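Since the structure comes first, as structure tokens, the remarks are kept for the end.
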Amino acid sequence: MDDLGRHLATTMRAAAGLVLPARCAGCGTAGDPWCATCRAGVLGVPTRVRVPGTPCWAAAPLGAPLRSLVTAHKDGGRADSRRVLVPLLATALSTVLVRESGPRRAAALGEPVLVVPVPTRGSARRRRGEDPVAALVRDAVASLGAGGPVFAPVLRHTRPVADQARLGRARRWANLAGAIAVSPSRAALVRGRVCVLADDVVTTGSTLAEAARALRAAGAADVLAVAVGATP
Ligand SMILES: [Zn+2]
19 MDDLGRHLAT
29 TMRAAAGLVL
39 PARCAGCGTA
49 GDPWCATCRA
59 GVLGVPTRVR
69 VPGTPCWAAA
79 PLGAPLRSLV
89 TAHKDGGRAD
99 SRRVLVPLLA
109 TALSTVLVRE
119 SGPRRAAALG
129 EPVLVVPVPT
139 RGSARRRRGE
149 DPVAALVRDA
159 VASLGAGGPV
169 FAPVLRHTRP
179 VADQARLGRA
189 RRWANLAGAI
199 AVSPSRAALV
209 RGRVCVLADD
219 VVTTGSTLAE
229 AARALRAAGA
239 ADVLAVAVGA
249 TP
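Okay, structure coming up:
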């Protein structure tokens with residue numbers, strides 16, 4: 019191997035280490051990117067979450083390991099966390115498709131159900147490069163296979179908003195009011211369709227409520243929601 023070859027091999031090993039760090043994204047224990055204890059900690063059946071106006075299902079309660087995993091995925095650049103998050107979100111999606119009347123009706127009519135990621139703030143997306151929530155939703159939809167729902171990233175922010183995590187409950191609603199809309203070029207896709215909003219976590223539900231309002235304003239026939247985790 020020449021110098022360039024050796025250099026490339028070293029760089030690729032380093033990059034692999036960045037992609038698959040041998041430290042649990044849930045508890046930080048060395049040796050496994052997602053240890054057996056944390057894996058057991060997020061098992062469960064999807065439950066319906068109270069979000070005003072929008073039926074919402076979450077795959078798991080947002081306990082300690084799942085909260086750490088979601089943060090590692092969104093803010094820590096741990097794309098490998100998706101190995102755990104994708105099947106969880108897919109389970110919540112499957113549940114919505116089977117349990118809620120809107121998606122069942124669409125299936126009976128042979129109409130596609132759209133799965134719409136909740137948009138990430140522009141500044142957060144620029145900082146992280148890829149939009150981690152959109153990537154998670156895309157992979158979860160893909161895991162359900164052909165003939166399943168359709169990944170439809172149709173929402174965007176219409177103005178800058180503050181980081182919701184830094185705001186109290188009341189200010190979260192004001193921060194987001196009217197801040198999300200369907201991209202004009204995608205409006206025809208949404209009209210008359212059943213849409214399932216998808217996010218990594220749901221806390222107060224204010225982001226989901228604003229995203230649902232935007233979809234209904236664009237003529238969506240029915241709006242539901244799913245998340246990986248919800249605050250109990
Ligand atoms: Zn762990």
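Note that our numbering has the sequence shown beginning at 19, numbered continuously upward. Glycine is no exception: its CB is placed at the ideal position from the N, C-alpha and C atoms. This one's a predicted model, so the numbers in the text were calculated from it and none came from an experiment.
Rounded straight-line distance, which links the Cα of residue j to that of residue i
i	j	result
Leu185	Val179	11 Å
Thr28	Arg41	At Thr28 the pLDDT is 47, less than 50, meaning the model places this residue with poor confidence; the figure from the coordinates comes in the next sentence. If I take the Cα positions, the gap works out to 21 Å.
Ala33	Trp191	Reliability fails at Ala33, whose pLDDT of 46 lies under 50, so the model's placement of it is uncertain and the value that follows must be treated cautiously. Roughly 40 Å between the two C-alpha positions.
Val214	Val134	6 Å
Met30	Ala43	Residue placement at Met30 cannot be trusted, given a pLDDT of 48 that sits under 50; what the coordinates show is reported in the next sentence. So the two alpha carbons sit approximately 22 Å from each other.
Gly165	Val219	26 Å
Asp157	Leu111	12 Å
Arg122	Gly223	24 Å
Thr47	Thr65	29 Å
Ala227	Gly128	27 Å
Thr55	Ala238	41 Å
Gly62	Ala152	24 Å
Gly71	Thr221	15 Å
Ala58	Ala82	12 Å
Arg96	Val241	30 Å
Ala232	Ala183	21 Å
Cys45	Ala126	44 Å
Residue i vs residue j beta-carbon contact at 8 Å
i	j	result
Ala216	Leu80	no
Val246	Leu106	yes
Thr176	Ala197	yes
Pro137	Leu173	yes
Ala124	Val131	yes
Pro150	Asp98	no
Ala170	Leu194	no
Ala78	Val67	no
Burial state of residue i, where buried means 16 or more other Cβ atoms lie within 10 Å
i	result
Arg209	exposed
Arg189	exposed
Val251	The structure shown has nothing for residue 251, since the chain only spans 19 to 250.
Glu118	buried
Thr225	buried
Arg100	buried
Leu84	buried
Arg187	exposed
Glu148	exposed
Gly35	Confidence at Gly35 is low in this model, with a pLDDT of 44, below 50, so its placement is unreliable and no value can be given for it.
Gly49	exposed
Ala76	buried
Spatially closest choice to residue i from the options, by CA coordinates
i	options	result
Asp181	Thr47, Asp93, Ala82 and Ala243	Asp93
Pro73	Val212, Gly237 and Ala236	Val212
Val159	Gly147, Leu103, Pro70 and Ala183	Leu103
Gly163	Leu154, Ala108 and Ala183	Ala108
Pro167	Arg139, Pro70, Gly120 and Val88	Gly120
Cys53	Pro250, Leu87 and Trp75	Leu87
Leu154	Ala183, Ala126 and Ala90	Ala90
Rounded Cβ spacing between residue i and residue j (contact assumed at less than 8 Å)
i	j	result
Ala235	Ala243	The Cβ separation is near 16 Å, so there is no contact.
Near ligand 3: residue i beta-carbon under 7 Å from a heavy atom
i	result
Gly247	In the structure shown, ligand 3 is absent; the only ligands present are ligand 1.
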